[in-house]
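**Student:** The structure under discussion is supplied below as structure tokens; questions concerning it will follow.
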Amino acid sequence: MKKEIVTTEQIKQDILRSFKAPKEMSKSQHLKWTIIALITGILLLVIEYFYPSVMIGFLVCVIVMVPLVLIASVISTWYKKKRFCMDDYEIKAEVLAYKNEEHYHARKTRHTTRPVDNYNLYFENGKDWQIPDRNYLWSADCQFSDRYLYDNAHRGDGFIVVTSQKTGKVVTAYPMKFFEYRQG
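Take any residue in the sequence shown, note its place counting from 1, add 7, and you have its number in our numbering.
Written as structure tokens, this is what we have:
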């Protein structure tokens with residue numbers, strides 16, 4: 008199989024795509040949504056105190072809170088994309104140390120769960136990368152699922168790893184079996 012050329016512009020596309028919600032929420036996102044739920048609950052109690060009808064209080068809260076949360080989420084994503092700069096990211100060749108997969112059921116609703124599959128790659132520099140569901144959407148030949156990428160990664164394989172200099176986390180990685188990096 009011929010290696011596909013990956014450029015800085017394609018890496019930029021993958022990084023911008025990663026600004027969208029990941030497969031699973033991180034601890035900080037859980038905390039954020041817990042705080043929002045608490046504030047919503049307190050607001051409901053306050054509104055219920057002033058309005059005897061629970062339905063009116065609930066409707067007022069939903070009408071006010073849902074648009075505010077959605078607007079805040081859109082503004083946050085827009086702001087990240089606006090401030091985006093490739094200088095904030097480091098592109099290096101790394102070697103895969105080991106890989107790990109996790110399978111569990113996450114709660115979907117009160118009575119149902121859904122299966123969750125997480126595939127992680129760990130590099131020799133100590134950094135790890137949770138493989139997103141779909142990868143390299145710009146590529147004609149190498150649009151890989153998380154499972155395919157995980158199955159084809161082996162200890163000692165070379166990867167082009169893109170790391171955020173602000174957080175130190177791996178944003179995306181490209182297996183050198185399939186990709187060759189060229190600046191420009």
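Glycine included, every Cβ here is placed at the ideal spot set by N, Cα and C.
#1: Are the region 164-177 and the region 97-116 touching, with three or more C-beta to C-beta distances below 8 Å?
#2: On the criterion of 16 or more Cβ atoms from any shown chain inside 10 Å, does K115 qualify as buried, or is it exposed?
#3: Beta-carbon within less than 6 Å of D21's beta-carbon, same chain only, minus the 5 sequence neighbours each way: which residues are those?
#4: Could you check where the alpha helix (DSSP H) with Q3 kicks off and where it finishes?
#5: Determine the direct distance from the alpha carbon of I54 to that of Q17, and round the result to whole angstroms.
#6: In angstroms, rounded to a whole number, what distance separates the CA positions of I78 and N125?
#7: Between Q198 and the rest of its own chain, which residues show a CB-CB distance below 7 Å, the 5 nearest in sequence each way excluded?
#8: Pull up the distance between the alpha-carbon of L156 and that of T119, whole angstroms please.
#9: Apart from the five residues just before and just after Y188, which ones in its own chain have a Cβ nearer than 6 Å to its Cβ?
#10: Is the region 102-110 close to the region 71-86, with three or more CB pairs under 8 Å?
#11: Using a 10 Å radius around the Cβ and a threshold of 16 neighbouring Cβ atoms, would you call E108 buried or exposed?
#12: Checking 7 Å against the spacing of the C-beta atoms, do K106 and L128 come in under that value?
#13: By alpha-carbon positions, which one of H112, F91, I49 ends up nearest to K173?
#14: Give the C-beta separation of S164 and K184 to the nearest angstrom, bearing in mind that I take them to be a contact with Cβ-Cβ under 8 Å.
#15: Under DSSP, the beta strand (DSSP E) around D153 begins and ends at which residues?
#16: Determine the direct distance from the alpha carbon of I49 to that of N159, and round the result to whole angstroms.
**Tutor:** In this structure, then:
#1: yes
#2: exposed
#3: T179
#4: Outside the shown range of the chain, which is 8 to 191, sits residue 3, and nothing can be said about it.
#5: 49 Å
#6: 29 Å
#7: The question about residue 198 has no answer, for the chain in this structure spans 8 to 191.
#8: 29 Å
#9: V13, I167
#10: no
#11: exposed
#12: yes
#13: F91
#14: Sequence check: residue 164 is Asp here, not Ser. The Cβ separation is near 7 Å, so the contact holds.
#15: Not the beta strand (DSSP E): D153 falls in the alpha helix (DSSP H), residues 153-158.
#16: 50 Å
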